[in-house]
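From first to last, the protein sequence lines are chains F and R. Per the numbering used here, the first sequence starts with residue 202, numbered consecutively. Per the numbering used here, the second sequence starts with residue 574, numbered consecutively. Input: a single structure, listed below in structure tokens.
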Amino acid sequence: DSGVTQTPKHLITATGQRVTLRCSPRSGDLSVYWYQQSLDQGLQFLIQYYNGEERAKGNILERFSAQQFPDLHSELNLSSLELGDSALYFCASSVGFRGTDTQYFGPGTRLTVL
Amino acid sequence: GDSVTQMEGPVTLSEEAFLTINCTYTATGYPSLFWYVQYPGEGLQLLLKATKADDKGSNKGFEATYRKETTSFHLEKGSVQVSDSAVYFCAALLRVQGAQKLVFGQGTRLTINP
Numbered sequence: 202d203s204g205v206t207q208t209p210k211h212l213i214t215a216t217g218q219r220v221t222l223r224c225s226p227r228s229g230d231l232s233v234y235w236y237q238q239s240l241d242q243g244l245q246f247l248i249q250y251y252n253g254e255e256r257a258k259g260n261i262l263e264r265f266s267a268q269q270f271p272d273l274h275s276e277l278n279l280s281s282l283e284l285g286d287s288a289l290y291f292c293a294s295s296v297g298f299r300g301t302d303t304q305y306f307g308p309g310t311r312l313t314v315l
Numbered sequence: 574g575d576s577v578t579q580m581e582g583p584v585t586l587s588e589e590a591f592l593t594i595n596c597t598y599t600a601t602g603y604p605s606l607f608w609y610v611q612y613p614g615e616g617l618q619l620l621l622k623a624t625k626a627d628d629k630g631s632n633k634g635f636e637a638t639y640r641k642e643t644t645s646f647h648l649e650k651g652s653v654q655v656s657d658s659a660v661y662f663c664a665a666l667l668r669v670q671g672a673q674k675l676v677f678g679q680g681t682r683l684t685i686n687p
């Protein structure tokens, strides 16, 4: 158990809908990262927050947005969903913002768009 | 652009066999390098890392040496066990769009037969 929790575990929805994925980092960690894992694209970095502020951005679509709240939990919002958004979404946390800080991954949320 | 390439899978071995999973990177400079492991139904876990050239990372019998001459970070284990069955990801800390991000290889699925 990494100490990072993600809810829900599974999510099934339809095209055009909007969903919110939630992540709670390990106690004491200030950084939260979001990743998308799909069969065709592999594991891709989406976005990083550090202590409430956006720190780095990856290949995140404009239809996707994220935020980190004062209690440090984070939410990833996916809107106007398409079939191709079906994937496993991971959240990770680390104590600081440096890339060399070990990232601890949650168990993921599996999103299925029908 | 900067990228990480790892040996395609799947790889199937017998218990106690020697394991090598190849990983090479393309980048400016000498990025920190990582191996992550993903067991079925779980998130990724850091297996080992090396932050500078010629460093050797090791954990749980696995080793990888940072070779700057060949820009490689191959994962090795002398005697694999059934419990090592998992997907292994090589990753590099690369500067992309002005920020440091973990860039992952495509993953190698390893199956160990008793």
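Even for Gly, the Cβ is constructed at its ideal location relative to N, Cα and C.
Is the CB of F:Ser275 under 8 Å away from at least one CB in chain R?
no
So with Cβ pairs under 8 Å, would you call R:Gly630 a contact of chain F?
no
C-alpha gap between R:Gly614 and R:Val660, whole angstroms
11 Å
Are R:Gly680 and F:Gly243 closer than 8 Å when you measure CB to CB?
yes
Out of curiosity, what's the CA-to-CA distance linking R:Pro687 and R:Ser652?
12 Å
Based on the DSSP output, what are the partners of F:Tyr234 in its beta bridges?
F:Gln249 and F:Ala293
Once the 5 residues before and after F:Thr303 are set aside, which same chain residues still bring their CB inside 7 Å of it?
Ser295
When DSSP labels each residue in this structure, what does R:Ser658 get in the three-state scheme?
coil
Starting from R:His647, follow the beta strand (DSSP E) in both directions and report where the run begins and ends.
Unbroken run through R:His647: none, as it is neither H nor E.
Look up F:Gly243 in the DSSP assignment and say whether it is helix, strand or coil.
strand
Test item: CB-CB of F:Gly309 and F:Ser232 under 8 Å:
no
Closer than 7 Å between beta carbons: that is the criterion. Which residues of the segment 599-612 of chain R meet it against chain F?
Result list: Ser605.
So with CB distances below 7 Å, who are the chain R contacts of F:Phe270?
Those within 7 Å of F:Phe270 in chain R number zero; the least Cβ separation is about 21 Å.
Counting only beta-carbon atoms, is F:Phe265 nearer than 8 Å to chain R?
No, no contact with chain R.
Quick test of your reading: R:Ala637 and R:Val577, contact by CB under 8 Å. State the CB separation rounded to the nearest angstrom.
Their Cβ separation, rounded to whole angstroms, is 13 Å, which puts R:Ala637 and R:Val577 out of contact at 8 Å.
Contact list for F:Ala257 against chain R, beta-carbon separation under 9 Å:
For the C-beta of F:Ala257, the chain R residues within less than 9 Å are, from N- to C-terminus, Val669, Gln670, Gly671, Ala672, Gln673 and Lys674.
Take R:Val676 and list the residues in its own chain whose beta-carbon comes closer than 6 Å to its own, dropping the five residues that flank it on each side.
Val577, Ala665 and Leu667
Which residues, in order along the segment 237-248 of chain F, keep a beta-carbon less than 7 Å from a beta-carbon of chain R?
Gly243, Leu244 and Phe246
Verify the CB distance criterion: does R:Glu589 have a CB-CB separation below 8 Å to chain F?
Closer than 8 Å to the CB of R:Glu589 there is not a single CB belonging to chain F.
Identify whether F:Leu315 lies in helix, strand or coil by the three-state DSSP scheme.
coil
R:Glu615 bridges to which residues according to DSSP?
Per DSSP, none; premise fails for R:Glu615.
Are the segment 277-291 of chain F and the segment 220-231 of chain F touching by the rule of at least three beta carbon pairs closer than 8 Å?
The segment 277-291 of chain F is in contact with the segment 220-231 of chain F.
Residues in its own chain within less than 7 Å of F:Glu283 by CB, not counting five upstream and five downstream?
Thr216 and Val314
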